[in-house]
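Written out below as structure tokens is the structure these notes cover.
There are 2 protein chains.
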Amino acid sequence: MGRRSLLLLLLAFLTPGAATAVPPALRALSSLHLSTSFRSRPAVAMKYSIHYIQQKVDHFGFHTDKTFKQRYLIADKHWKEDGGSILFYTGNEGDIIWFCNNTGFMWDVAEELKAMLVFAEHRYYGESLPFGANSFKDSRHLNFLTTEQALADFATLIKYLKRTIPGARNQPVIALGGSYGGMLAAWFRMKYPHLVVGALASSAPIWQFENMVPCGVFMKIVTTDFRKSGPNCSESIRRSWDAISRLTEKGTGLHWLSEALHLCTPLTESQDVQHLKDWISETWVNLAMVDYPYESNFLQPLPAWPIKVVCQYLKNPNVSDTWLLQNIFQALNVYYNYSGQARCLNISETATSSLGALGWSYQTCTEMVMPFCSNGIDDMFEPHSWNFKEFSDDCFKQWGVKPRPSWIPTMYGGKNISSHTNIIFSNGEIDPWSGGGVTKDITDTLLAIVIPEGAHHLDLRANNAFDPVTVLLARSLEVRHMKQWIKDFYIWCGEG
Amino acid sequence: MGRRSLLLLLLAFLTPGAATAVPPALRALSSLHLSTSFRSRPAVAMKYSIHYIQQKVDHFGFHTDKTFKQRYLIADKHWKEDGGSILFYTGNEGDIIWFCNNTGFMWDVAEELKAMLVFAEHRYYGESLPFGANSFKDSRHLNFLTTEQALADFATLIKYLKRTIPGARNQPVIALGGSYGGMLAAWFRMKYPHLVVGALASSAPIWQFENMVPCGVFMKIVTTDFRKSGPNCSESIRRSWDAISRLTEKGTGLHWLSEALHLCTPLTESQDVQHLKDWISETWVNLAMVDYPYESNFLQPLPAWPIKVVCQYLKNPNVSDTWLLQNIFQALNVYYNYSGQARCLNISETATSSLGALGWSYQTCTEMVMPFCSNGIDDMFEPHSWNFKEFSDDCFKQWGVKPRPSWIPTMYGGKNISSHTNIIFSNGEIDPWSGGGVTKDITDTLLAIVIPEGAHHLDLRANNAFDPVTVLLARSLEVRHMKQWIKDFYIWCGEG
Numbered sequence: 004m005g006r007r008s009l010l011l012l013l014l015a016f017l018t019p020g021a022a023t024a025v026p027p028a029l030r031a032l033s034s035l036h037l038s039t040s041f042r043s044r045p046a047v048a049m050k051y052s053i054h055y056i057q058q059k060v061d062h063f064g065f066h067t068d069k070t071f072k073q074r075y076l077i078a079d080k081h082w083k084e085d086g087g088s089i090l091f092y093t094g095n096e097g098d099i100i101w102f103c104n105n106t107g108f109m110w111d112v113a114e115e116l117k118a119m120l121v122f123a124e125h126r127y128y129g130e131s132l133p134f135g136a137n138s139f140k141d142s143r144h145l146n147f148l149t150t151e152q153a154l155a156d157f158a159t160l161i162k163y164l165k166r167t168i169p170g171a172r173n174q175p176v177i178a179l180g181g182s183y184g185g186m187l188a189a190w191f192r193m194k195y196p197h198l199v200v201g202a203l204a205s206s207a208p209i210w211q212f213e214n215m216v217p218c219g220v221f222m223k224i225v226t227t228d229f230r231k232s233g234p235n236c237s238e239s240i241r242r243s244w245d246a247i248s249r250l251t252e253k254g255t256g257l258h259w260l261s262e263a264l265h266l267c268t269p270l271t272e273s274q275d276v277q278h279l280k281d282w283i284s285e286t287w288v289n290l291a292m293v294d295y296p297y298e299s300n301f302l303q304p305l306p307a308w309p310i311k312v313v314c315q316y317l318k319n320p321n322v323s324d325t326w327l328l329q330n331i332f333q334a335l336n337v338y339y340n341y342s343g344q345a346r347c348l349n350i351s352e353t354a355t356s357s358l359g360a361l362g363w364s365y366q367t368c369t370e371m372v373m374p375f376c377s378n379g380i381d382d383m384f385e386p387h388s389w390n391f392k393e394f395s396d397d398c399f400k401q402w403g404v405k406p407r408p409s410w411i412p413t414m415y416g417g418k419n420i421s422s423h424t425n426i427i428f429s430n431g432e433i434d435p436w437s438g439g440g441v442t443k444d445i446t447d448t449l450l451a452i453v454i455p456e457g458a459h460h461l462d463l464r465a466n467n468a469f470d471p472v473t474v475l476l477a478r479s480l481e482v483r484h485m486k487q488w489i490k491d492f493y494i495w496c497g498e499g
Numbered sequence: 004m005g006r007r008s009l010l011l012l013l014l015a016f017l018t019p020g021a022a023t024a025v026p027p028a029l030r031a032l033s034s035l036h037l038s039t040s041f042r043s044r045p046a047v048a049m050k051y052s053i054h055y056i057q058q059k060v061d062h063f064g065f066h067t068d069k070t071f072k073q074r075y076l077i078a079d080k081h082w083k084e085d086g087g088s089i090l091f092y093t094g095n096e097g098d099i100i101w102f103c104n105n106t107g108f109m110w111d112v113a114e115e116l117k118a119m120l121v122f123a124e125h126r127y128y129g130e131s132l133p134f135g136a137n138s139f140k141d142s143r144h145l146n147f148l149t150t151e152q153a154l155a156d157f158a159t160l161i162k163y164l165k166r167t168i169p170g171a172r173n174q175p176v177i178a179l180g181g182s183y184g185g186m187l188a189a190w191f192r193m194k195y196p197h198l199v200v201g202a203l204a205s206s207a208p209i210w211q212f213e214n215m216v217p218c219g220v221f222m223k224i225v226t227t228d229f230r231k232s233g234p235n236c237s238e239s240i241r242r243s244w245d246a247i248s249r250l251t252e253k254g255t256g257l258h259w260l261s262e263a264l265h266l267c268t269p270l271t272e273s274q275d276v277q278h279l280k281d282w283i284s285e286t287w288v289n290l291a292m293v294d295y296p297y298e299s300n301f302l303q304p305l306p307a308w309p310i311k312v313v314c315q316y317l318k319n320p321n322v323s324d325t326w327l328l329q330n331i332f333q334a335l336n337v338y339y340n341y342s343g344q345a346r347c348l349n350i351s352e353t354a355t356s357s358l359g360a361l362g363w364s365y366q367t368c369t370e371m372v373m374p375f376c377s378n379g380i381d382d383m384f385e386p387h388s389w390n391f392k393e394f395s396d397d398c399f400k401q402w403g404v405k406p407r408p409s410w411i412p413t414m415y416g417g418k419n420i421s422s423h424t425n426i427i428f429s430n431g432e433i434d435p436w437s438g439g440g441v442t443k444d445i446t447d448t449l450l451a452i453v454i455p456e457g458a459h460h461l462d463l464r465a466n467n468a469f470d471p472v473t474v475l476l477a478r479s480l481e482v483r484h485m486k487q488w489i490k491d492f493y494i495w496c497g498e499g
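Protein chains in written order, with our numbering: chain A, 4 to 499; chain B, 4 to 499.
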């Protein structure tokens, strides 16, 4: 098991019937990655109109001339033709309405930037399915699910909007996105700088690829979050794995654990133990992603700074196995039962909506090959090495495709991106994805903003009274740069 | 006929059996475009080794994982590991050995730049056929013939060379190309700036696309070349078309013309008249492309400044139709019979090798949609308007594909490319392709070099005693910039 890759596990997880074989921590990775910003809707109504554009299924080949409907949203309440701008959300792996509702930052700055907001749905997600219900049928139908095709959709859409919306033609466009959407925003500026004057890439792990960052960095940051959120917290979790193993080696252990953790379905076979560990690991990873400074409701309803609350139950690692695991239950209960309504915990449910999970699984098996690992020393998890061969074999089994781990670095430049301009990479320091992100300025126009108290793309979320000052500063810096890009555009290109 | 598009004609020409239907001037456009630099081999032996790399047939999709062998050449006689560089020729629509032998400039500067020379063959040309003999079978097999796939081949090859050639890893690479290869060099720097420090794009008509330059600019430049090469020269040609029409309206006209022009096969039907006109137009276009200042042998063995020689026969437009056409024959004879060996002129032969013609025809029917037209007023040709609909229908008939004229501008930025850096666009002022080229500096690192006496990528040809001083200056400027790119690379990135 130690040799199984994390994402590989994720894949197993996504395969119906294989759930019990799933090691843990990293089912989460996809669901986590999926998240843009997650809070309840702000009081201000987010009013948008829904539109569709016909896109070529294949921008890069001419054998098929088939098209499909890509969905996009427009909100133009604050848009001004005179001196205005267009903020273009480069949709990621999910329903665009969800992202729209969860990217409060764009709504908050629309008036100041006289901006039209556009939210473009990523192909193969939400309603933008190239082959309708058959889109995920097989590798032939999935063949057009790539970052390159998605960027080409965005390019085509921007040209279309400029051509068809009176007053939009001579306006600067800025790409924005979070998580995978942040990668797309950055890559869009790199590949189509003629269409966007700049990009805000929030929590975009563009370096979480082959040979760019250590594969263990992600789990190390999760661990640091727990270590810093309470005394002995990460140590308690680290010790819990062996405690589970020891307990379940005994005949009555499975039964005892099932009771102690209030599991809805009792553990019955040794295979279930790995599943349990995976589910627990995923919970810690999830918490690291959404460790926001205020009550929020993404994967689950959660208190402010949820890891701190969790860690209150994990202060003492030097206790008996049974005691330790009873503490673990209390900790898990914070995450799964903050509302107090849950009667038991269900280890075969992931915490998140399954939105886009299929598509994302395919993407990790083709282009988006992100190596993850843990070693149990620098992190609090059980060791999992990154085994590409095994990963690749599983991909082939599930999707009939072979991943190409070196393609994204070849295509998008890897660490050598200094010739590009006008990209802001923002990262929250407590967000595990920051390990694969750009956290130092590369040039004076490729800027890194680090938000010490920030979890996953906190800056893209709507303003909140409990926001730490660092995220307010980050947002204000982001707005300042965006205004400068807009100003430069009007000086050099526009009519403003 | 006046409404037929020029490239459409080209397509017709390339269709077996359709040759007689071919209007004229623009068969030439493909063959002309095909040409990099064309001179007999220099005295200095060009020694290279031949290599192959396995490339994915489809870089942008994962349904097929098939590979094919891409050919490339390496010449490393002057290459130095210490402080050296790699000059990478982005192969265009033809056999790479031919381009290698005809790009003397790279060989001339190799020692000064301590450069390894690499010539990469373009997929679907020469030996680099993704599906062997079936590569041109149908639109399914041709599906992977795009500029994006070609650039991805180049990127993959460069990464491979850096990984496998000891000493190459930390060296700067410069992309070079002429004509379509020049476009690829420029686009490669735009899309993969992490892989090449700069690009020399010689005679690259990157703006010969939808709505960027007037469609008539090409033929206008051809006309200017003739107008400036001798008194009444272009006027004589302009009048020749009606003279041909008038003559061939008479019963004996076809016979007389066939005799007067020494045609190998007599004209027999009125359809042949259009074919004749096309062939003559193509000849003038060809001459404009290869109007080099010294004897050369590309399409045909030619004297120095061949248009001047041609124009000696076309001084008097105010003569009878028969006299005018006898003069036209003398002019054509310069082009087709400089050697004095030809016993008759064959209007069903084009002057060039058919190298790559099939692939190029497909490319013009998909991405590389270049509108051409003539009006008979600003140019010396009969009027041909650009009719996209007709063009598109013909493409569908021939290849089963529909051209997408707005794609190249969407992908590569059209006129809005100022955010890129380190590209030299060189153009010869007498080259008709300069009409679609970048002939003014865009920024201080996107430079235009115009060579007043230059025909098609004269600067990429080997040094010649008869080179005008302007091309010597151009080459020296090019070398100066390349040296600066190399120097900058070693300052910022290298070990030099």
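Ideal Cβ placement from N, Cα and C applies to all residues, glycine included. Since the structure is predicted, the reported quantities are computational estimates derived from the model, not experimental observations.
If you check the CB distance, B:GLY170 and B:GLU124 do not come in under 8 Å. Proximity of the segment 125 to 132 of chain A to the segment 87 to 107 of chain A meets the contact definition, three or more beta-carbon pairs being nearer than 8 Å. DSSP links A:LEU90 through a beta bridge to A:LEU120 and A:ILE177. Setting aside the 5 residues that flank it on each side, A:TYR341 is surrounded in the same chain by GLN303, PRO304, LEU305 and PRO306, each with a C-beta closer than 7 Å to its C-beta; the list follows chain order. Closer than 8 Å to the CB of B:GLU385 there is not a single CB belonging to chain A.
Against chain B, the CB of A:ARG143 has a partner CB under 8 Å away; the residue lies at that interface. Annotated three-state conformation of A:ALA307 is coil, per DSSP. Following the DSSP letters along the chain, one finds B:TYR493 inside the alpha helix (DSSP H) bounded by residues 472 to 495.
Take the alpha-carbon of B:TRP190 and the one of B:CYS218: they are about 22 Å apart. B:TRP326 counts as exposed, since fewer than 16 other beta carbons sit within 10 angstroms of its beta carbon. The C-alpha of B:LYS140 lies about 11 Å from the C-alpha of B:GLN401. Interface annotation, A:GLU124: not in contact with chain B, CB-CB separation never under 8 Å. Contacts with chain B (Cβ-Cβ distance below 9 Å) from the segment 416 to 430 of chain A involve GLY416, GLY417, LYS418, ASN419, ILE420, SER421, SER422, HIS423, THR424 and ASN425, listed in chain order.
By the Cβ neighbour-count rule, A:THR149 is buried, with 16 or more other Cβ atoms within 10 Å of its own. Taking a cut-off of 8 Å for Cβ pairs, the segment 452 to 464 of chain B and the segment 284 to 297 of chain B touch, as three or more such pairs fall below it.
At a C-beta separation below 7 Å, A:LYS162 has these neighbours in chain B: THR413. DSSP places A:ALA360 within a helical segment (H, G or I) once states are collapsed to three. Taking the CA atoms as reference points, B:GLY185 sits about 6 Å from B:SER206. Counted as a single uninterrupted DSSP element, the alpha helix (DSSP H) harbouring A:PHE391 occupies residues 391 to 402.
When CB distances to chain B are screened at a threshold of 7 Å, the residues of the segment 47 to 75 of chain A falling below it are PHE63, GLY64, PHE65, HIS66 and ASP68, in chain order.
The bridge partners DSSP lists for B:TYR75 are B:HIS54 and B:ALA123.
For A:PHE147, the residues of chain B that pass the 8 Å Cβ criterion are GLY64, in the order they occur in the chain.
Neighbours of A:ALA158 in chain B, taken as residues whose beta carbon is under 8 Å from its own, are THR413 and MET414 in chain order. Taking 7 Å as the Cβ-Cβ cut-off, the segment 375 to 409 of chain B approaches chain A at VAL404 and LYS405, given in chain order.
Shown here for A:LYS418: same chain residues with a beta carbon closer than 7 Å to its own, the five before and five after excluded, namely TRP210 and MET215 in chain order. Chain order gives the chain B residues near A:THR369 as PHE65, where near means a beta carbon separation below 7 Å. Within chain B, the residues placing a beta-carbon under 8 Å from that of A:PRO196 are GLY416, SER422 and HIS423, ordered along the chain.
Taking the beta carbon of A:GLU213 as reference, no residue of chain B falls within 8 Å; the closest one sits roughly 12 Å away. Shown here, A:ALA202 sits in a strand according to DSSP, grouped into three states. Taking a C-beta distance under 8 Å as the contact criterion, A:ILE445 and A:SER421 qualify as a contact pair.
According to DSSP, residue pairing for B:SER299 in a beta bridge involves B:LEU305. Contact with chain A is found for B:GLU151, since one of that chain's Cβ atoms lies less than 8 Å from the residue's Cβ.
In the three-state scheme derived from DSSP, where H, G and I count as helix and E and B as strand, A:VAL453 is classed as strand.
Going by DSSP, B:PHE428 is part of the beta strand (DSSP E) stretching over 426 to 431. Ranking A:LYS405, A:TRP389 and A:VAL121 by CA distance to the CA of A:ASP396 puts A:LYS405 first.
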